[in-house]
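Residue numbers (UniProt numbering), protein chains in the order written: chain A, 1 to 398; chain B, 1 to 398; chain C, 1 to 398; chain D, 1 to 398.
Since the structure comes first, as structure tokens, the remarks are kept for the end.
There are 4 protein chains.
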Amino acid sequence: MAASTADLVREVREFVREEILPLEPAFLHHGFAAVLPALREKRQEVKARGWWLPPFPREWGGMGLGLLEFARLSEELGRTPLGHYVFNTQAPDIGNMEVLLKHGTPMQKERFLKPLAAGEIRSSFAMTEPEHAGSNPVWMNTTAVLEGDHWVINGHKWYTTGFEGSAFCIVMCITDPDHPNPYARASQIIVPTDTPGFQHVRKIAVMGEQGEDWMSHSEIRLQGVRVPKENLLGERGRGFAIAQERLGPGRIHHCMRWVGICERSFELMCGYAAKRELSPGKPLGSRQAIQHMIAESKAEIHAARLMVLDAAEKVERQGAEGARVEISLIKFFVAGVLQRVLDRAIQVHGGLGMSDDLPLSFFYRHERAARIYDGADEVHKTVVARAVLKEYGLEVSL
Amino acid sequence: MAASTADLVREVREFVREEILPLEPAFLHHGFAAVLPALREKRQEVKARGWWLPPFPREWGGMGLGLLEFARLSEELGRTPLGHYVFNTQAPDIGNMEVLLKHGTPMQKERFLKPLAAGEIRSSFAMTEPEHAGSNPVWMNTTAVLEGDHWVINGHKWYTTGFEGSAFCIVMCITDPDHPNPYARASQIIVPTDTPGFQHVRKIAVMGEQGEDWMSHSEIRLQGVRVPKENLLGERGRGFAIAQERLGPGRIHHCMRWVGICERSFELMCGYAAKRELSPGKPLGSRQAIQHMIAESKAEIHAARLMVLDAAEKVERQGAEGARVEISLIKFFVAGVLQRVLDRAIQVHGGLGMSDDLPLSFFYRHERAARIYDGADEVHKTVVARAVLKEYGLEVSL
Amino acid sequence: MAASTADLVREVREFVREEILPLEPAFLHHGFAAVLPALREKRQEVKARGWWLPPFPREWGGMGLGLLEFARLSEELGRTPLGHYVFNTQAPDIGNMEVLLKHGTPMQKERFLKPLAAGEIRSSFAMTEPEHAGSNPVWMNTTAVLEGDHWVINGHKWYTTGFEGSAFCIVMCITDPDHPNPYARASQIIVPTDTPGFQHVRKIAVMGEQGEDWMSHSEIRLQGVRVPKENLLGERGRGFAIAQERLGPGRIHHCMRWVGICERSFELMCGYAAKRELSPGKPLGSRQAIQHMIAESKAEIHAARLMVLDAAEKVERQGAEGARVEISLIKFFVAGVLQRVLDRAIQVHGGLGMSDDLPLSFFYRHERAARIYDGADEVHKTVVARAVLKEYGLEVSL
Amino acid sequence: MAASTADLVREVREFVREEILPLEPAFLHHGFAAVLPALREKRQEVKARGWWLPPFPREWGGMGLGLLEFARLSEELGRTPLGHYVFNTQAPDIGNMEVLLKHGTPMQKERFLKPLAAGEIRSSFAMTEPEHAGSNPVWMNTTAVLEGDHWVINGHKWYTTGFEGSAFCIVMCITDPDHPNPYARASQIIVPTDTPGFQHVRKIAVMGEQGEDWMSHSEIRLQGVRVPKENLLGERGRGFAIAQERLGPGRIHHCMRWVGICERSFELMCGYAAKRELSPGKPLGSRQAIQHMIAESKAEIHAARLMVLDAAEKVERQGAEGARVEISLIKFFVAGVLQRVLDRAIQVHGGLGMSDDLPLSFFYRHERAARIYDGADEVHKTVVARAVLKEYGLEVSL
């Protein structure tokens with residue numbers, strides 16, 4: 001990595017350690033809302049240091065980092081559940097920003113992207129529906145019908161992350177149900193959350209907690225929701241194509257973050273193994289079973305990082321479509337490493353690892369979803385195999 | 001299994017399904033305290049049906065089942081986090097009852113065992129200390145000094161399960177610090193929780209929740225706590241021996257319960273695979289990856305159950321000491337099966353599996369500790385290996 | 001297990017240790033043919049002791065043991081690659097004997113079963129074809145056409161175990177290609193190996209060796225081979241049904257044997273761990289990594305044995321068809337345990353484990369096929385899942 | 001990788017495919033000696049093309065490639081068991097050459113290195129002793145005593161690879177048994193194999209075969225073997241230090257080769273999955289279980305390659321000592337990937353995968369040792385953990 005990137009990474013690491021980690025205990029014990037005021041102050045400080053929105057262009061207030069550079073930084077931010085939020089690169093906002101930047105009309109950019117990039121508002125993204133398997137993206141019931149100058153939307157979505165407190169939500173809707181190509185039937189539409197008919201059914205209790213604000217997942221209903229037709233984001237019928245565009249880099253973002261979680265967990269595990277004693281003068285780390293957990297974690301994290309950086313580089317060179325196989329590979333491989341490393345870190349800590357005195361149990365609970373969201377392991381393995389077998393002359397249907 | 005046991009198991013299964021499972025959603029979304037009144041009613045019904053305290057003698061209000069019979073029943077109760085509580089066989093009460101029954105003085109039985117067996121009070125057990133690794137039981141700081149007719153206790157414990165709401169706590173204390181045999185230095189002392197100096201530091205937040213009442217784990221402090229010397233439970237200096245006695249069957253109890261959790265999770269997984277569609281007419285269960293998760297779970301649960309029953313039978317024949325290797329084998333083997341089955345059940349359910357709409361996420365969070373409590377995997381593996389290698393002429397120190 | 005069975009098992013174990021294990025080094029270094037004369041002597045001794053053909057009826061010279069009793073014995077014989085041969089219970093002869101006993105005509109029994117049960121001849125069984133996947137049993141090219149009083153057979157088979165030196169081969173042939181039910185198209189026909197047109201293409205080199213006599217696998221061709229029509233074994237069109245009948249118990253036989261291999265490997269591993277020193281006074285077994293390999297193997301072998309015995313008991317009670325799920329479960333579960341235990345035993349032995357100075361490397365090479373023959377893991381997992389999902393209302397096609 | 005390297009890699013891949021792979025069937029069925037004459041011709045062709053000894057300096061007839069460049073090439077050569085031999089980069093010769101180049105006297109270089117680099121002779125390396133665990137390198141019995149102008153050597157070694165046919169053997173001997181530092185007690189001495197007293201006890205049968213010539217492993221004895229004192233290789237007492245020097249890059253060499261084996265196995269697996277049919281029109285590759293084996297292999301091979309290249313680069317930058325942790329990481333990680341990929345490739349091929357009609361079974365048998373030789377998995381994991389824990393302030397003894 002370039003010297004300047006290395007410097008930045010080092011400085012950000014220190015910032016995370018000095019400024020964000022101290023907020024973790026309050027977050028872990030009292031929830032996101034309890035630390036939100038403090039996080040807002042940290043956001044100001046990040047802006048002041050010129051680190052705001054690192055992967056976004058300078059004209060929108062970002063640092064203009066490339067994907068590979070940001071990958072290094074993202075690992076640092078991923079070391080705590082609060083990191084990306086402080087830099088305004090949390091999902092789904094960063095994904096929404098990228099889509100708005102690329103496909104938004106001047107009006108949409110002014111009205112939605114600008115305050116989002118500035119961190120003045122938050123947004124959400126509604127795709128998955130409780131009635132349909134998330135692994136089949138083209139199967140959905142939410143519809144938008146053009147009536148005069150308005151889209152009229154009806155539907156039911158869940159796992160809409162960060163809906164609570166979001167100013168608008170980008171909603172995937174079937175707009176062209178009769179199109180012969182099922183991938184050309186949906187469109188993305190921007191819906192302000194205060195639009196009449198937009199109902200918040202509930203925050204879904206996930207792994208024992210409903211969460212708050214950005215850290216929550218909602219079930220929502222849209223009943224006769226009307227928005228102006230200019231709220232269509234991108235071309236009509238291109239909803240899936242645009243979603244695919246966002247999910248490619250989005251998966252890289254997740255993987256980068258997971259490497260950060262792994263590294264943090266690894267440090268906690270090693271630090272504890274080095275100092276916790278089984279009996280006077282005999283630290284945990286003197287046990288071979290613990291040593292092997294450390295060595296296996298080291299190897300797997302190293303592999304994960306190299307693969308993520310390699311994929312990021314390929315995306316830079318060839319675009320997300322050209323790196324599709326690499327992205328699917330890291331999606332399931334790194335998620336697997338993440339789960340194993342977290343499991344070992346908890347095991348090394350014993351009862352302490354189960355408690356909320358450390359972030360391990362938070363990661364363990366919530367990142368179990370890493371093998372599910374944005375394409376379950378099984379889906380990505382099939383994607384990889386299909387691409388490979390095609391080179392061997394076999395076309396496999398999904 | 002005998003026909004009468006089979007009938008009982010079937011009836012209890014139905015009772016669990018009809019009477020206890022309906023309380024689960026409220027428990028999962030609102031916590032233990034929210035369902036406690038209803039659970040108390042269910043306890044009355046269990047008593048009325050003659051099913052109270054199945055593994056306890058009839059003269060104490062139990063059914064007098066042997067360990068092997070109870071193993072079958074325990075699996076049924078384990079299908080929900082609420083099952084054992086309703087039958088008054090939840091840890092640590094059942095273990096405390098067994099110790100009181102075997103080692104209690106008539107006064108102790110009258111005062112502590114009687115209301116406990118009747119379900120009128122709850123109890124707790126304080127052994128682990130935050131300053132010392134749980135995997136080294138003989139290393140503790142809590143002391144009890146005999147001053148006149150009283151034990152004066154000072155110490156610091158954590159992961160004292162169900163302390164909140166318990167009437168008394170059995171506390172492991174060093175009473176004979178200078179005894180040459182480190183296993184002969186501790187004693188168990190019964191301490192009413194309202195004794196002056198007995199401080200509740202906090203309920204430990206575990207996997208995101210503090211829990212309530214029986215379903216909580218506390219950090220406690222004893223500062224100059226004085227109890228009459230007749231509160232000594234069993235002989236002085238036999239604290240570890242008695243603890244060992246309780247932990248053997250206690251581990252069988254856990255393993256039985258885990259098989260129940262596995263079976264429940266398996267049913268949820270299969271039911272969902274059979275009905276959830278990936279696309280119209282194509283259920284999840286038609287996918288080979290899902291089928292293999294089902295088959296592997298079936299095999300592992302079958303293995304786990306056979307091993308638990310085999311160990312229970314050996315305990316019946318030879319006592320817990322004679323089945324020490326078998327108990328260690330099932331402790332780590334079944335805990336491993338449990339974790340893998342839960343993981344697969346969640347994966348099959350996707351986002352739904354992460355939510356509290358099903359009990360899977362509760363089990364996943366809280367039973368991660370199965371590989372830690374009552375002896376971590378690593379401890380039990382070493383116990384087994386030591387016993388095996390001894391047969392080959394090698395004495396291995398821990 | 002009954003006292004008499006326990007005695008028998010103990011005596012056979014001693015016989016294996018005293019009489020058969022000493023032949024192993026010559027076998028491992030010089031091959032099966034080198035020890036064949038000695039094995040023939042051992043067979044006489046087995047007959048003299050009244051242990052011949054344990055699972056076969058007394059009127060055919062066997063001991064008349066039930067499947068559950070034989071399971072215990074089979075484990076002892078499985079401890080060495082030579083064990084079953086000495087007791088005349090090696091595959092495929094034992095399977096051929098069972099089929100002949102149940103379906104053979106008086107002529108067939110007199111001519112083929114009698115000398116086979118007496119150990120005077122050997123036999124083989126030809127099913128798999130190189131052109132077709134073994135996991136699809138109904139897809140084969142070998143045909144038998146009735147011309148007058150003779151079947152005229154044409155086909156190509158491989159992995160015909162023990163063809164070399166066999167007096168006859170039972171050949172699966174398509175006799176009714178137009179039957180609407182694909183499972184009713186094949187028949188089993190007894191073909192003496194000296195019949196004109198029966199060609200031995202080659203002994204297949206498997207894992208580096210062609211093997212000899214019983215311990216070899218052949219590729220064969222049948223070109224215009226004519227046998228009398230009374231060589232049809234069982235009913236015409238029932239070839240698959242009869243094959244299925246033999247494969248059920250056959251899989252139990254394999255699993256029993258594998259448990260014996262596991263137990264032998266475990267003993268070698270423990271014995272070596274107890275005595276091999278890493279440095280003066282520090283045996284391998286003092287290392288926690290080795291201890292954990294021992295403990296994990298102990299647990300898995302215990303699970304495997306219990307499952308095999310449970311399945312054998314169910315076959316005794318309900319027949320192979322009634323225990324179909326249990327048989328598939330043990331087929332893949334025990335094969336997996338076998339591979340892991342062998343892997344650990346070799347790892348503990350280091351370079352010695354790779355050598356032919358121990359039987360581990362033989363088992364490792366040749367029992368890799370345990371996860372392939374008689375139904376690959378993937379097939380059995382699917383069989384189990386189908387049966388399970390059927391209970392949940394889902395019919396899954398293979 | 002640089003364009004020129006990419007070109008070279010492509011040309012070498014083609015050469016391997018066109019010129020070496022056709023020799024594989026004869027090798028797999030008839031052994032190394034059977035193809036040796038043909039391999040000698042291929043060596044001439046390699047020389048003619050200017051590809052001889054790629055990682056060795058030009059003045060010794062090599063190509064002068066750096067480690068990173070050679071890593072790419074080595075993967076291509078590793079695709080067949082015969083590849084490295086044809087380029088004269090097979091172990092242990094390449095390691096012996098490196099040691100002679102760095103530490104040899106002018107006489108040693110002239111007499112031993114020159115013909116070795118030219119491929120006119122072969123050499124061997126004797127370190128491991130049957131009486132002592134290979135994982136404790138400093139524990140050996142072989143001694144060399146200086147008597148006048150000669151070293152007199154007595155000892156017993158095994159797993160001396162390629163001893164058969166080697167012109168000389170570099171022997172690790174204890175020369176300074178009383179040195180306080182056990183790592184300073186041994187020296188390396190060059191011993192021509194025709195020296196009186198140098199006995200070939202046997203070729204060790206490994207995984208069912210003794211092998212021949214370079215592809216064999218010998219047990220040897222040295223009884224009063226006398227060689228001139230100038231046969232000391234490097235400084236007296238530096239035997240372990242020099243061995244360590246050679247083992248670092250040697251492990252990289254192995255790992256590179258293993259990635260080649262993985263890639264070859266992957267291609268075979270994918271090619272077979274694409275064309276082998278389970279039933280007419282339904283190829284193996286249409287099964288999800290097969291697809292997942294392909295995807296998991298793809299991910300693991302990708303990870304392995306990136307880690308090997310990363311380690312090679314670090315060795316280039318910082319020397320083998322500076323990359324010690326990385327080398328240990330890849331040693332156990334890549335060996336694990338290798339074993340899993342081979343296992344899956346065999347499973348996909350079914351019976352064919354067990355046979356010697358493909359190289360898979362050769363790799364499976366002989367590369368089981370990858371997790372044992374040059375430091376068992378357990379040793380390397382401990383090395384990594386020690387280095388990591390040292391950063392956390394804990395010194396762990398081995």
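In this text, a Cβ means the ideal position worked out from N, Cα and C, and glycines have one as well.
Spatially closest choice to Pro237(B) from Lys203(B), Arg287(B), Asp176(B) and Gly224(B), by CA coordinates: Here residue 237(B) turns out to be Gly, not Pro, going by the sequence shown. Comparing Cα positions, the closest option is Asp176(B).
Reference Asp310(A), options Ala311(D), Lys314(D) and His302(D), closest by Cα: His302(D)
Burial state of Glu129(A), where buried means 16 or more other Cβ atoms lie within 10 Å: buried
8 Å contact criterion, which Asn96(A) and Leu116(A) should meet: CB distance rounded: 7 Å
Excluding five sequence neighbours on each side, which residues of the same chain lie with their C-beta closer than 7 Å to the C-beta of Leu268(C)? Around Leu268(C), the same chain offers Ala345, Leu358 and Leu360 as residues with beta carbons nearer than 7 Å, after the five sequence neighbours per side are excluded.
Can you have a look at Arg386(D) and say buried or exposed, based on whether 16 or more other CB atoms are within 10 angstroms of its CB? buried
Along chain C, in chain order, which residues have C-beta atoms closer than 7 Å to that of His29(D)? Ala205
On the DSSP bridge assignment, give the partners of Glu209(B) in chain order. Val206(B)
If you measure beta-carbon to beta-carbon, which residues of the segment 271-291 of chain B are closer than 7 Å to chain D? Arg287, Gln288 and Ala289
Please classify Met140(D) as buried or exposed, where buried requires at least 16 other C-beta atoms within 10 Å of its C-beta. buried
Mind checking Ala26(A): buried by the 16 CB within 10 Å criterion, or exposed? Flag for Ala26(A) reads exposed.
Taking the alpha-carbon positions, what's the Met127(A) to Gly155(A) distance? 10 Å
Anticipated Cβ contact below 8 Å, Gly208(D) with Phe362(C), distance rounded: 7 Å
Could you tell me whether the Cβ atoms of Glu296(D) and Lys381(A) are closer together than 8 Å? yes
Can you give me the start and stop residues for the alpha helix (DSSP H) that Arg40(A) sits inside? Phe32 to Ala48
Would Phe266(A) and Val341(A) qualify as a contact pair, given that the criterion is a beta-carbon distance under 8 Å? yes
Under a three-way DSSP split, which group does Cys380(B) fall into? Position check: residue 380(B) holds His in this sequence, whereas Cys was assumed. Helix.
Would you please verify whether the beta carbon of Ala241(B) is less than 8 Å from any beta carbon of chain C? no
Unbroken alpha helix (DSSP H) run spanning Gly95(C), endpoints: Asp93 to His103
Alpha carbon to alpha carbon, how far is Val315(A) from Gly260(A)? Straight-line spacing of the CA atoms in Val315(A) and Gly260(A) works out to 20 Å.
How about Arg371(B): is its C-beta nearer than 8 Å to some C-beta of chain A? yes
For a test of the three-state rule: what should DSSP assign to His132(C), helix, strand or coil? coil
What does the alpha-carbon distance come out to for the pair Asn136(D) and Arg58(A)? 58 Å
Opposite Glu277(A) in the DSSP bridges: which residues? Pro283(A)
Any idea what DSSP makes of Gln291(D), helix, strand or coil? helix
Can you tell which of Met107(A), Gly165(A), Trp151(A) and Ile327(A) has its C-alpha closest to the C-alpha of Cys173(A)? For Cys173(A), the nearest C-alpha among the options comes from Trp151(A).
Could you tell me whether the segment 195-214 of chain A touches the segment 275-294 of chain A, where touching means 3 or more Cβ pairs closer than 8 Å? no
Separation of Leu394(B) from Thr80(D), as counted between CA atoms: 44 Å
I'd like the list of long-range same chain contacts for Val12(B), defined as Cβ closer than 8 Å, with 5 residues on each side in sequence excluded. Trp51, Leu73, Glu76 and Leu77
In chain order, what residues of the same chain lie with their CB nearer than 8 Å to the CB of Ile290(C), ignoring the 5 residues before and after it? Ala273, Leu284 and Val348
Gly148(C) classed as buried or exposed, judged by whether at least 16 other C-beta atoms fall within 10 angstroms: exposed
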